[in-house]
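For reference, each letter of the sequence shown is one residue, going 870 to 1333 in the numbering used here.
One structure below.
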Amino acid sequence: MSDSNLLSNQTLDRLPAALAQADYDRDAQACGIVHFGIGAFHRAHQAWYTDRAMAQGDSDWGITGVSLRSAGVARQLNPQDGLYTLTSCSADGRTTQLIRSVRQVLVASEDPGAVIAALAAPQTHIVTFTVTEKGYCRAADGSLDLALANDGSIYSFIERGLQVRAERGLPGLTLLSCDNLAHNGRQLERLLHAYVDARNPALTAWIDRECRFPSSMVDRIVPATTDGDRDAVQAAIGLEDQGAVVTEPFSQWVIEDRFAGPRPRWDVVGAELVADVAPYEMAKLRMLNGAHSALAYLGLQNGHSFVHEAVDDPTIRPLIEALMRQEAAPTIAAAPNQDLDAYATALLARFANPALNHRLIQIAMDGSQKIPQRWLEILANNQRDGKTCPAILEALAAWRRHLRGDNAVMWGVVEDPMREQLAPLAKGEAASFAHALFGKSGLFAASWTANDAAMRALIEALGR
């Protein structure tokens, strides 16, 4: 399709007058945010909040997106001047709006200097991250893996950008993780410290003095956009949108109120600024994300493709309810007015949304990076209290089957940074797999070391 039919600044006058969009002067906004990992989730969540915040009178909060390696999003959005549509889907229908907060997308592997310049720009105040769990380059024990944290990692760019700011006498930055990690702000701070201490220790004191690392909890289900979604958007707006994103109506963003400098008025458009994110973060990680991973592996082994199919399976739904209500919820110290039972009920309704084709294989990716905080910490908490977690043990058994290739005929090779290490173990005996991963010197022992009773129950589940 020719550029004349592509969504961009030049074709804005051809959009339907009824298409929703936030009202602000886009050309007058400087870029105050640099975002690493500008995938569909960021565009449906933080960029959406920022777009609406600028309509409240906030100035200079445009977003410079950064893709660390893949040029895919840059190829989609840059020809469109950063513009894209966001479509909310439910059983009641689809609602589409135009999002204008993203100004450009840089590809770090192609132009690292431009990324460092964006971080060092005087107008930049906040750096946000959705790089997934594996983007934090952690070893199995949670420490920084310096071999993974190479010159193409987030740490290398942050360190160089902050070094330039320090040399120029500029203030520090707020570094805001929006990834599914427990205490994500503290984790980012700890891991960046480890990197800087090893590479540029003279910068450490400046970072401690000038920068802040608030934790946050983000929640919105964002499936991968399909060609059918893009066709539906084109029919609705009359233009091709290669950056189109689809999502659910629900969205939540809880942010620790701990910034190094100015920030957008995200709280005016629905974000919650709190003193302690931990209860919300823990509920999301253990109940929503934990249930999602269980749905992925249990659903795939039962022949399902989408979350709504898996949660409607009568052999799976009771396990998911038990995981959330009986195994995860009791390990969470809820905040005042945080009703975890009602949260579980709401999650089940969101999972069952038939208009949101959230692919199980998408959730199943990189399981080794997800299950420590989604499942293993629940197992450890319950084990300390003398309780068992049969639903999570069944999910672990399904994960093992996925690792050994049981779903490969339908979905291909398992995508996991530890696949070469884990797949041979998964193909071995159940007991050897259990001890290699969760025994006293197991690969994941730092998150959960199974006691004798738990090890017996796990081996039994793995062998079924």
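For each residue, glycine too, the CB sits at the ideal point set by N, CA and C.
Quantities reported herein were computed from a predicted structural model and do not represent experimental measurements.
Here's the rule I'm using: 16 or more other beta-carbon atoms within 10 Å means buried, otherwise exposed. How should residue i be labelled?
| i | result |
| --- | --- |
| A1215 | exposed |
| A889 | exposed |
| N1320 | exposed |
| G1236 | buried |
| M1279 | exposed |
| E1058 | buried |
| G1168 | buried |
| S1301 | exposed |
| N1206 | exposed |
| A909 | buried |
| T1043 | buried |
| G1054 | buried |
| S1310 | exposed |
| P1083 | buried |
Can you tell me where the alpha helix (DSSP H) holding residue i begins and where it ends?
| i | result |
| --- | --- |
| G962 | That residue, G962, is in no alpha helix (DSSP H); its beta strand (DSSP E) goes 962-968. |
| R867 | With the chain represented from 870 up to 1333, any question about residue 867 goes unanswered, as that position is not in the structure. |
| H911 | 909-913 |
| S1301 | 1299-1307 |
| V1138 | Premise fails: V1138 is in no alpha helix (DSSP H) and is neither H nor E. |
| I1189 | 1186-1191 |
| V1115 | First-last for V1115: 1114-1116, but that is the beta strand (DSSP E), not the alpha helix (DSSP H). |
| V1033 | 1023-1037 |
| T1214 | 1209-1220 |
| A1165 | 1159-1170 |
| A942 | The sequence given here has Val at residue 942, not Ala. First-last of the alpha helix (DSSP H) with V942: 941-946. |
| N1250 | 1246-1253 |
| P1286 | Taken as a continuous stretch (DSSP letters only), P1286 belongs to no alpha helix (DSSP H), as it is neither H nor E. |
| S1237 | 1236-1240 |
| W1412 | The requested residue 1412 does not occur in the structure, where the chain is confined to residues 870 to 1333. |
Give the straight-line distance between the Cα atoms of residue i and residue j, rounded to the nearest whole angstrom.
| i | j | result |
| --- | --- | --- |
| A897 | D929 | 8 angstroms |
| P1293 | G1011 | 23 angstroms |
| S1085 | G1159 | 18 angstroms |
| T993 | D1020 | 22 angstroms |
| I1023 | A989 | 15 angstroms |
| S939 | V976 | 7 angstroms |
| L1108 | N874 | 5 angstroms |
| D1170 | D1136 | One point to set straight first is that residue 1170 is Gln, not Asp, in the sequence displayed. C-alpha separation (whole angstroms): 41 angstroms. |
| G941 | P1070 | 35 angstroms |
| V1225 | G1139 | The sequence shown places Leu at residue 1225, not Val. About 22 angstroms. |
| I1106 | Q915 | 23 angstroms |
| V1123 | A1330 | 36 angstroms |
| L1217 | V1180 | 8 angstroms |
| R1132 | A891 | 18 angstroms |
| L818 | E1125 | A question about residue 818 goes unanswered here, because the residues of the chain that appear run from 870 up to 1333. |
| D1014 | R1007 | 5 angstroms |
| I995 | R1099 | 31 angstroms |
| A1314 | L1306 | 7 angstroms |
| I1328 | N1276 | 21 angstroms |
| S959 | G1097 | 16 angstroms |
| R1034 | K1296 | 50 angstroms |
| R1253 | A1198 | 15 angstroms |
| W1244 | Y1064 | 28 angstroms |
| A821 | E1178 | For the chain, the structure presents residues 870 to 1333; residue 821 sits outside this window and is missing. |
| D950 | D894 | 15 angstroms |
| R1029 | E1190 | 46 angstroms |
| T1200 | L1154 | 12 angstroms |
| M870 | D927 | Summary for M870: the model assigns pLDDT 44, below 50, so the residue's position carries little reliability; its value from the coordinates is reported in the next sentence. Approximately 36 angstroms, taken between the alpha carbons. |
| W917 | Q879 | 22 angstroms |
| A1303 | A1260 | 16 angstroms |
| F1175 | V1115 | 15 angstroms |
Tell me the DSSP bridge mates of residue i?
| i | result |
| --- | --- |
| T1043 | I995, R1081 |
| W1122 | V1087 |
| G934 | H904, V974 |
| A1007 | Before going on, a small fix: residue 1007 reads as Arg here, not Ala. Paired residue(s): L1013. |
| R1337 | The first residue shown for the chain is 870 and the last is 1333, placing residue 1337 beyond what the model contains. |
| R1333 | BP columns for R1333 are empty, so no partner. |
| F1175 | R1228 |
| A889 | Q966 |
| L875 | E1109 |
How far does the beta strand (DSSP E) with residue i in it extend, from its first residue to its last?
| i | result |
| --- | --- |
| G1107 | Taken as a continuous stretch (DSSP letters only), G1107 belongs to no beta strand (DSSP E), as it is neither H nor E. |
| A955 | It should be noted that the sequence gives Leu, not Ala, for residue 955. It spans 953-959 - the beta strand (DSSP E) in which L955 sits, taken as one unbroken run. |
Contact check, residue i vs residue j under 8 angstroms by CB: the rounded distance?
| i | j | result |
| --- | --- | --- |
| L967 | L952 | 7 angstroms |
| A1009 | E1079 | A1009 to E1079, Cβ: 32 angstroms. No contact. |
| T919 | I907 | The pair is not a contact, with the Cβ atoms about 12 angstroms apart (cut-off 8 angstroms). |
| M1234 | E1284 | 4 angstroms |
| T954 | V1102 | 5 angstroms |
| I1240 | W1268 | 7 angstroms |
| A913 | R1089 | 6 angstroms |
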